[in-house]
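Student:
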């Protein structure tokens, strides 16, 4: 297997892992464990509007599904960076380790970095709707 094939497979694994994390975090944690009203209360407790919790839930669930399926993964991952950075901020007062009470900022910061890397690397193998890469778009009349 060539280095290029291994790289594309590695990007695919990153995409699947990030997508599953988003699905688990939105559907399992926010919907079933905390419930959406409970998640909204948490958002209110840290100074954010309650309706924002529903929006974050929807973005995380849709992004997770799109990442797993490989639908415009570069752009989907990039779109999740502000949410993940917000999660890092939300947990910043709890210390570094995510194992601390109420979770620290370590894990959300790591996920933010992974989403940035996915956005930079693209889709990887087995993408249903591959993203176009910035800088690789040929303009009309342009020759290579």
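Residue numbers (the working numbering): 20 to 163.
Glycine included, each C-beta is placed from N, C-alpha and C at the ideal position.
1. Are residue 104 and residue 131 close, meaning C-beta to C-beta below 7 Å?
2. DSSP has residue 90 in a bridge; who is on the other side?
3. Hey, would you say residue 147 sits closer than 7 Å to residue 88, going by beta carbons?
4. Tell me whether the stretch 45–56 and the stretch 110–117 touch, counting them as touching only if at least three CB pairs, one residue from each stretch, are closer than 8 Å.
5. To the nearest angstrom, how far is the alpha carbon of residue 37 from that of residue 133?
6. Among residues of its own chain, excluding the 5 on either side of residue 45, which ones have a beta-carbon nearer than 7 Å to its beta-carbon?
7. Do you know whose CA, among 39, 118, 29 and 42, lies nearest residue 136's CA?
8. Rounded to whole angstroms, what's the CA-CA distance from residue 58 to residue 22? Just pull it up for me.
9. Near residue 91, what residues of its chain come up, given a Cβ to Cβ distance below 7 Å and the 5 sequence neighbours on each side ignored?
10. Can you tell me whether residue 36 is helix, strand or coil according to DSSP?
11. Starting from the Cα of residue 101, find the closest Cα among 141, 20, 35 and 127 and give me that residue.
12. Exposed or buried, residue 62, counting other C-beta atoms within 10 Å across all chains shown (16 or more means buried)?
Tutor: Judging by the given coordinates:
1. The residue given as residue 104 occupies position 85 in the chain shown. The residue given as residue 131 occupies position 112 in the chain shown. Closer than 7 Å, so yes.
2. By one-based count along the chain shown, residue 90 stands at place 71. Paired residues: 148.
3. Along the chain shown, read from residue 1 onward, the residue named residue 147 stands at position 128. Along the chain shown, read from residue 1 onward, the residue named residue 88 stands at position 69. Contact flag set, yes.
4. Counting C-beta pairs with one atom in each stretch, the stretch 45–56 and the stretch 110–117 have fewer than three that are closer than 8 Å, which means they do not touch.
5. Working through the chain shown from its first residue, we reach residue 37 at position 18. Working through the chain shown from its first residue, we reach residue 133 at position 114. Each residue's CA atom was taken as its position, placing residue 37 and residue 133 some 8 Å apart.
6. Residue mapping note: residue 45 aligns to position 26 of the chain shown, counting from 1. 76, 79, 80 and 83.
7. Here residue 136 refers to the residue found at position 117 when the chain shown is read from its first residue. Of 39, 118, 29 and 42, the residue nearest in Cα terms is 29.
8. As a working mapping, residue 58 is identified with position 39 in the chain shown. As a working mapping, residue 22 is identified with position 3 in the chain shown. Looking at the two C-alpha atoms, the distance is approximately 43 Å.
9. Taking the chain shown and counting its residues from 1, one reaches residue 91 at position 72. Hits under 7 Å: 85, 148 and 150.
10. Residue numbering aside, residue 36 sits at position 17 when the chain shown is read from its first letter. In this structure, residue 36 counts as helix in the three-state DSSP scheme.
11. Mapped onto the chain shown, residue 101 falls at position 82. Ranked by how close their Cα comes to the Cα of residue 101, the residues 141, 20, 35 and 127 have 127 in first place.
12. Position 43 of the chain shown holds residue 62. Result: buried.
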